[in-house]
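Just so you know, the sequences run in chain order V and H. Residues in the first sequence are numbered from -13 upward in steps of one, following our numbering. Residues in the second sequence are numbered from -13 upward in steps of one, following our numbering. Notes to accompany the following structure.
Number of protein chains: 2
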Amino acid sequence: MTERRTEILEAALGLFSKKGYHDTSMQDLGEALGLQRGSLYTHIRSKEELLLAIVKRGAEEFLKALLPVEDMEAPAPERLREAMRRHIGVVARNLEAATVFFHEWRFLPETARQDVLKDRDRYEGVFRSILDDGIREGTLRPHDTRLSATLALSAGNWLYQWYDPKGRLTADEIADRFSNFILEGISRGREGAA
Amino acid sequence: MTERRTEILEAALGLFSKKGYHDTSMQDLGEALGLQRGSLYTHIRSKEELLLAIVKRGAEEFLKALLPVEDMEAPAPERLREAMRRHIGVVARNLEAATVFFHEWRFLPETARQDVLKDRDRYEGVFRSILDDGIREGTLRPHDTRLSATLALSAGNWLYQWYDPKGRLTADEIADRFSNFILEGISRGREGAA
DNA sequence: CCTACCGATCGGTAGG
DNA sequence: CCTACCGATCGGTAGG
């Protein structure tokens, strides 16, 4: 990967996240880099290839951050907290990539789309296995872990729509509070107990 | 609103949600209706106007469904459950509109964008006031209601990415389970109690 | 609702 | 001969 190619990918990431993939022209991208549109093709094959590279890198970031939690030796609640921190950390540190990832993955060519879906399933699987472990070890009450995993992921994913790096809470604080809500609930009284 | 205009809006909704706003051409839209591209402009002013109409209608649907819960006389946990049912119901019954709404509202002209943001704040406010009421009346434990409202809304919003009308759970069932998780938590033991 | 067309711009490629 | 880039233009399509 040449330096120029890296620059192009970074610029494309910024434009795709701000304007959307389809409304970003190669003209826009060239202007952002001080190049003529045609000159971009020395370094890339097509506009679609750029999207593909960005989305793939996004999927890798997510998995790379989460997978270590799978092997963590700790009670499930603690592992869930750690998974939430990592997941939300990736979104918060890569808001532009998250936006492109969540909005544009559907438009990838079929094989790449399938790859993304597989990664997504793998990712959800890590969350679900943590929660299933918790039920087995007795730290979590029996419940529909498909849906609690979805709740945890929804909270983290949706962050891309509202998180402000200069906001009142850090990404870790947000992750911890979400974890608290999901683990302990917000009700007063005995309902939270088994 | 003429019948033709309604047909155009419905077709646009379908195309915008499937291909995205910017990748949908007026040619696509004409073909979907068996019209020439130029003929559409007898009924609409611009492509952007179509987006505006779709997003505005989406915002109205959401508010219309939720506002009655504001005046409901019931304990906060019950009102939260009802709010979740309604919110998730709107998303589940309008998946295409939700997709367009969440992806494309950022691209509206500034005044319309501001209107959407105001509606969104109003909407979040309803959730937050329910939760604040709960703390005041003692049914919910004191906590950061800005963030618990965000958790509830995140779960409902993200539904547009994965909900399958033919899936194993109905929208109401999903809403109830999410409500359970948020209210009671998933931990076993005493953590859920005050 | 159509045909015909506008100024401009699309993604991608040519030769040098 | 290379990498990096140019001005110009390809065939088609954009919104109007």
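Where is the CB? At the ideal position from N, CA and C, for every residue including glycine. Because the structure is a prediction, the values reported are computed rather than measured.
Checklist entry - Just by C-beta distance, which residues in the region -1 to 12 of chain H are closer than 7 Å to chain V? => result Gly6, His8 and Asp9
Next on the checklist: Three Cβ pairs or more, each shorter than 8 Å: is that satisfied between the region 141 to 152 of chain V and the region 73 to 88 of chain V?
Outcome noted: yes
Checklist entry - Based on Cα-Cα distance, which residue from Ala39(V), Gly120(V) and Val55(V) lies nearest to Ala98(V)? => result Ala39(V)
Checklist entry - Does Asn80(V) come within less than 8 Å of chain H when only Cβ atoms are used? => result no
Checklist entry - Does DSSP put Ser11(H) in a helix, in a strand, or in coil? => result coil
Item to check | Residue-level contact to chain H via CB, Thr125(V), 8 Å cutoff | outcome: yes
Checklist entry - If you scan the region 77 to 105 of chain H from start to end, which runs of the alpha helix (DSSP H) of 4 or more residues do you find wholly inside it? => result 81 to 90
Item to check | Boundaries (first-last residue) of the alpha helix (DSSP H) holding Lys33(H) | outcome: Lys33 to Glu56
Checklist entry - Once you ignore the five residues that flank Ala51(H) on each side, which residues in its own chain have a CB closer than 8 Å to its CB? => result Arg72, His73, Gly75 and Val76
Checklist entry - Does the beta carbon of Gly111(V) come closer than 8 Å to any beta carbon on chain H? => result no
Checklist entry - Hey, quick one: how far does the alpha helix (DSSP H) through Ile(-6)(V) stretch, first residue to last? => result Glu(-11) to Lys5
Checklist entry - Is DSSP giving Leu126(V) helix, strand or coil here? => result strand
Checklist entry - Do we get a CB-CB distance below 8 Å when we pair Arg163(V) with the residues of chain H? => result yes
Next on the checklist: Am I right that Tyr7(V) and Phe87(V) are in contact with their C-beta atoms under 8 Å? What's the rounded C-beta distance?
Outcome noted: Rounded, the Cβ-Cβ distance is 11 Å, inconsistent with contact.
Checklist entry - Comparing the C-beta of His73(V) with each C-beta of chain H, is any distance below 8 Å? => result no
Next on the checklist: What does the Cβ neighbour count give for Gly171(V), buried or exposed, with the cut at 16 atoms within 10 Å?
Outcome noted: buried
Checklist entry - Taking Cβ positions only, does Ala141(V) come closer than 8 Å to chain H? => result yes
Checklist entry - Roughly how far, in whole angstroms, is the beta-carbon of Thr131(V) from the beta-carbon of Pro61(V), given that I think they are within contact range, below 8 Å? => result Rounded, the Cβ-Cβ distance is 15 Å, inconsistent with contact.
Item to check | Beta-bridge partners of Ser173(V), as assigned by DSSP | outcome: Leu126(H)
Checklist entry - Between which two residues does the alpha helix (DSSP H) harbouring Leu26(H) extend? => result It is not in any alpha helix (DSSP H) - Leu26(H) carries neither H nor E in the DSSP assignment.
Item to check | Chain-ordered chain V contacts of Glu(-4)(H) [CB-CB under 9 Å] | outcome: Result: empty, since nearest Cβ-Cβ is about 21 Å, beyond 9 Å.
Checklist entry - Can Phe164(V) and Met70(V) be called in contact, C-beta distance under 8 Å? => result yes
Checklist entry - alpha helix (DSSP H) containing Arg132(H): first to last residue? => result Thr131 to Trp148
Next on the checklist: Less than 8 Å between the C-beta atoms of Asp14(V) and Leu(-5)(V), yes or no?
Outcome noted: no
Checklist entry - Can you find a CB in chain H that lies within less than 8 Å of the CB of Glu56(V)? => result no
Next on the checklist: Please report whether the beta-carbon of Asp150(V) lies at a distance below 8 Å from any beta-carbon of chain H.
Outcome noted: no
Checklist entry - How about Val55(H) and Glu68(H): do their beta carbons lie closer than 8 Å? => result yes
Checklist entry - Does the separation of the CB atoms of Thr85(V) and Ser3(V) fall below 8 Å? => result yes
Item to check | Cβ neighbours of Glu82(V) in the same chain (closer than 7 Å, five flanking residues each side left out) | outcome: Leu(-1), Gly0 and Ser3
Checklist entry - Once you ignore the five residues that flank Arg174(H) on each side, which residues in its own chain have a CB closer than 7 Å to its CB? => result none
Next on the checklist: Can you pull the chain H neighbours of Leu133(V), defined as C-beta to C-beta under 8 Å?
Outcome noted: Leu155, Ile160, Arg163, Phe164 and Phe167
Next on the checklist: Using a Cβ-Cβ distance cut-off of 8 Å, determine whether Arg174(V) contacts chain H.
Outcome noted: yes
Checklist entry - Thinking just about the alpha-carbon of each residue, which of Leu36(H), Glu110(H), Arg108(H) and Arg122(H) is nearest to the one in Glu90(H)? => result Leu36(H)
Checklist entry - Which same chain residues, not among the five before or five after Leu169(H), have their C-beta less than 6 Å away from its C-beta? => result Pro63
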